[in-house]
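2 protein chains.
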Amino acid sequence: MDRPRKPTLDTVASAVGVSRATVSNAYNRPDQLSASLRERILEIAASIGYAGPDPIARSLATRHSAAVGFMLGQPLSAAFSDPAVSIVLDGLASTVDGHDHCLVLMPGGVDGGPRPSTVARAQADVVVAYSLPDDAPALTVVRARGLPLVVIDQPVLPDTARVEVDDVGGARMAAAHLWELGHRRFGILTFGLRAGFLGGRDGAYRVIRDRLVGYRDVVGAAPVWECAGSNRAMGRSGARELLSLTPRPTALLCASDELAFGALQAVRDLGLRIPSDVSVVGFDDVPEAEHAEPPLTTVRQPLSEKGRRAGALALRLLVGGRPGEPTRLPVSLVERDSTARLT
Amino acid sequence: MDRPRKPTLDTVASAVGVSRATVSNAYNRPDQLSASLRERILEIAASIGYAGPDPIARSLATRHSAAVGFMLGQPLSAAFSDPAVSIVLDGLASTVDGHDHCLVLMPGGVDGGPRPSTVARAQADVVVAYSLPDDAPALTVVRARGLPLVVIDQPVLPDTARVEVDDVGGARMAAAHLWELGHRRFGILTFGLRAGFLGGRDGAYRVIRDRLVGYRDVVGAAPVWECAGSNRAMGRSGARELLSLTPRPTALLCASDELAFGALQAVRDLGLRIPSDVSVVGFDDVPEAEHAEPPLTTVRQPLSEKGRRAGALALRLLVGGRPGEPTRLPVSLVERDSTARLT
DNA sequence: GAGTCTGACTGAAGCGCTTCAGAACCTCCA
DNA sequence: TGGAGGTTCTGAAGCGCTTCAGTCAGACTC
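In the order they appear, the protein sequences are chains A and B.
In this note's numbering, each residue carries its 1-based index in the first sequence increased by 319.
In this note's numbering, each residue carries its 1-based index in the second sequence increased by 319.
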């Protein structure tokens with residue numbers, strides 16, 4: 320609390336015998352002073368332990384904080400149990416970091432989405448939201464603060480940039496693939512805020528609702544188990560529920576690869592074989608899908624690109640750009656060995 | 320860039336007809352004014368679209384930013400491919416968030432550790448470093464800025480708080496367990512900055528060096544394959560290298576569970592059985608270890624607790640606390656089904 | 001009714017920096 | 001030789017907020 324007062328621009332200025340403005344220029348606008356003076360300033364600054372302009376004061380003066388906020392629907396551990404989230408975040412972080420911006424993390428609580436007070440105090444001048452429930456209070460706070468917003472995989476909001484993929488189309492591809500292989504009895508595995516067979520409500524996440532639409536477009540009515548989150552363990556127990564239905568589904572449509580990995584395990588738990596007894600298809604095409612046992616048939620979406628695009632959009636909003644049309648990234652079906660013709 | 324100027328404390332003050340100090344108090348010290356006036360202020364503030372005190376200006380005035388920085392040794396995607404990292408980060412984030420602090424992420428680049436310029440501009444008043452290479456330049460910058468620092472799993476630095484586990488002891492337990500089961504031919508799988516059999520150098524991470532020491536204490540010399548990172552795919556191919564040695568190891572010591580998961584797969588790839596042909600032990604005890612096939616024998620360390628402790632320490636340094644003695648968390652061996660007596 | 005308290009509000013001094021309109025001096029060319 | 005044009009540096013006005021020492025009424029005490 321009372322360590323010795325740190326040196327400031329003024330300290331340096333008077334140590335060197337120039338004005339504060341000049342020292343500031345030494346750091347920010349080298350062209351505004353002679354090289355020799357600049358060098359002297361930097362040298363003296365270093366010698367008295369001045370580590371450069373204070374980021375906060377600089378932010379206040381320039382009116383931007385060089386940080387982008389990242390709001391997440393889940394606690395970090397839940398979010399990162401799904402590699403898809405990590406990959407998106409990595410794409411975002413590297414774009415943003417490449418432009419000398421920091422990432423301020425606002426993880427979600429149990430009710431989905433960061434706490435409003437967290438969002439209200441976050442130092443960021445643009446925020447990107449990922450997989451928040453549609454009605455998250457955090458979104459309201461962001462708008463109240465007047466911060467530019469980019470959403471990933473969420474319903475369009477007025478005046479907001481957006482990146483998305485064709486979830487409906489992707490889901491349709493997955494379902495059509497199974498349909499063409501002769502499957503007629505399906506189980507659907509999704510995730511949301513709580514576990515159980517899906518009754519009236521259709522889940523909090525737009526992505527999931529969309530995938531559901533796509534699946535149903537093709538397969539019609541089918542039992543849907545919603546997991547409380549997207550990870551293997553939940554996928555495994557959810558799949559177990561679906562597989563214990565009578566008649567047993569011959570194919571499982573999973574709303575994420577993590578869920579599908581769990582489903583593969585559940586099928587094996589029952590002593591059944593993939594794909595001869597049960598076909599499984601995922602969604603995302605995370606790197607591991609290729610190395611699963613058996614390699615997973617899934618819908619590929621460009622995860623890293625999604626993060627990068629979101630980052631680029633955020634950066635653009637930052638300099639006053641317009642949100643523009645939603646960016647829609649392509650999906651495609653990757654056929655591997657977890658699906659086969661029904662015999 | 321030129322959206323209409325946002326309302327400030329002054330705007331509100333004059334709209335209400337009170338002084339700026341009073342409006343500030345309405346937000347920060349409700350006891351300093353009458354409830355009725357406070358209510359009126361908040362109401363008018365809302366009506367003119369004032370979303371509360373600007374976080375940056377507030378930070379400047381109070382001289383702290385309510386943010387803790389988190390420096391990481393790897394890019395996000397690499398870091399999060401290992402659930403251990405996510406769990407630690409989650410523990411940290413929830414502690415910190417519970418005290419109304421944000422987390423500022425500073426992911427590493429290819430050379431390990433965030434870029435110095437990123438660190439120099441980050442708005443945080445304390446930073447915690449996790450799994451950085453020992454000589455990361457980022458650490459230097461933090462100290463130059465005079466920010467309090469807490470390190471997780473890293474060599475002790477002067478005037479720095481630290482949390483760690485007994486890596487040497489844990490590794491010893493794992494090795495001793497296998498030794499007692501009769502194993503004499505070992506393969507060791509670790510991770511670091513690049514892939515290959517370990518020759519002279521002993522890796523960039525202290526954690527890994529310690530685990531290696533523990534393994535070797537018990538098993539003596541043994542081939543060591545260093546993966547370029549800690550994930551399944553790398554573990555799988557690394558284990559493949561070890562298993563193709565002659566004579567083939569009967570037991571694999573893996574420096575992380577992720578690596579061990581890969582190793583399990585590699586063993587199966589070769590048509591061998593676990594644990595009858597090859598025993599495998601991991602390190603970390605991530606949640607999935609229990610559900611692996613077979614369930615993984617591993618060294619448990621309290622990952623979430625590690626993050627929480629680091630958070631608590633950071634918060635303490637923030638209010639001027641002394642670093643104190645390093646916090647050392649206990650490890651223990653969890654015996655499951657991936658290890659068995661050599662027959 | 002004088003004196004003391006207390007609660008409610010305000011004035012003004014910063015926090016550490018950026019930035020912009022000059023000032024001061026020098027060079028160069030007509 | 002006079003002014004146009006450069007270069008280098010400075011003064012001062014903010015950025016939006018917190019905080020502390022007061023001021024000012026009104027309530028209370030004796």
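All C-beta atoms, glycine included, are put in the ideal place defined by N, C-alpha and C.
Cross-strand partners of residue i (DSSP beta bridge)
i      : result
B:S651 : B:R619
B:F602 : B:V618
B:V470 : B:A448 and B:R481
A:V387 : A:L422
A:L571 : A:G506 and A:V599
B:W544 : B:L508 and B:F516
A:T719 : The structure shown does not extend to residue 719 of chain A, since chain A is modelled only from 320 through 662, so no value can be given for it.
B:T646 : B:V482
CB-CB length for residue i against residue j, believed under 8 Å
i      : j      : result
B:L572 : B:A494 : 6 Å
B:R619 : B:V650 : 6 Å
B:I593 : B:A541 : 19 Å between Cβ atoms; not a contact.
A:A480 : A:L622 : Wrong, their Cβ atoms sit about 18 Å apart, outside the cutoff.
B:H383 : B:D444 : 5 Å
B:L682 : B:L562 : This structure leaves residue 682 of chain B out entirely; chain B is present only between 320 and 662.
Neighbour-count burial assignment, residue i, 16 or more Cβ in a 10 Å radius
i      : result
B:E483 : buried
B:D486 : buried
A:Q393 : buried
A:M320 : Because the pLDDT of A:M320 is 36, which lies under 50, any placement of that residue in the model is unreliable, and the number read from its coordinates should be weighed accordingly. Exposed, since its Cβ has fewer than 16 Cβ neighbours within 10 Å.
A:S657 : buried
A:R325 : A small fix is needed here, since residue 325 of chain A is Lys in this sequence, not Arg. It is exposed - the Cβ of A:K325 has fewer than 16 other Cβ atoms within 10 Å.
B:V407 : buried
B:T509 : buried
B:G388 : buried
B:T616 : buried
A:V331 : buried
B:V638 : exposed
A:Q442 : buried
A:T437 : buried
B:G533 : buried
B:G417 : exposed
A:S405 : buried
B:G643 : exposed
B:S333 : exposed
B:I365 : For clarity, residue 365 of chain B is Ala in the given sequence; the question names Ile instead. Exposed is the call here.
A:S595 : exposed
A:R528 : buried
A:A386 : buried
B:G489 : buried
Contact set between residue i and chain B, taken where Cβ atoms lie within less than 7 Å
i      : result
A:I406 : S396
A:I375 : I375, S378, L379, S384 and Q442
A:S413 : P394
Within chain B, the residues that residue i reaches when beta carbons sit closer than 8 Å
i      : result
A:M553 : Neighbours of A:M553 on chain B: none; closest Cβ ~11 Å, over 8 Å.
A:E607 : R551 and A552
Neighbour list for residue i in chain A, Cβ cutoff strictly below 9 Å
i      : result
B:C421 : G388, V423, L424, M425, T437, R440, A441, Q442 and A443
B:K325 : R464 and G465
B:D576 : The premise fails here: B:D576 is roughly 13 Å from chain A at the closest Cβ pair, so nothing lies under 9 Å.
Cross-chain neighbours of residue i in chain B, by beta carbon under 9 Å
i      : result
A:E402 : Sequence check: residue 402 of chain A is Pro here, not Glu. Those are S396, F399 and S400, listed as they occur along chain B.
A:D656 : Result: empty, since nearest Cβ-Cβ is about 15 Å, beyond 9 Å.
A:D409 : P394, L395, S396, A397, A398, F399 and P426
Within chain A, the residues that residue i reaches when beta carbons sit closer than 8 Å
i      : result
B:A370 : A439, V460, A463, R464 and G465
B:H610 : R551, A552, R555 and Q584
Partner residues on chain A for residue i, Cβ-Cβ distance less than 7 Å
i      : result
B:D604 : Residues of chain A passing the Cβ test: none, with the nearest at roughly 14 Å.
Are there three or more Cβ pairs, one per stretch, closer than 8 Å when the region 571 to 586 of chain B is compared with the region 595 to 603 of chain B?
yes
Under 8 Å, with one C-beta from each stretch per pair, do the region 467 to 474 of chain B and the region 449 to 459 of chain B reach the 3-pair mark?
yes
With contact counted as at least three CB pairs below 8 Å, one residue from each stretch, are the region 331 to 344 of chain B and the region 511 to 531 of chain A in contact?
no
Stretch-stretch touch, CB-based, cutoff 8 Å, three pairs: the region 386 to 401 of chain B with the region 422 to 433 of chain B
yes
Answer yes if the region 406 to 419 of chain B comes into contact with the region 352 to 359 of chain A, meaning at least three C-beta pairs across the two stretches below 8 Å, and no otherwise.
no
Segment contact, 8 Å Cβ cut-off, at least three pairs: the region 577 to 586 of chain B with the region 538 to 557 of chain B
yes
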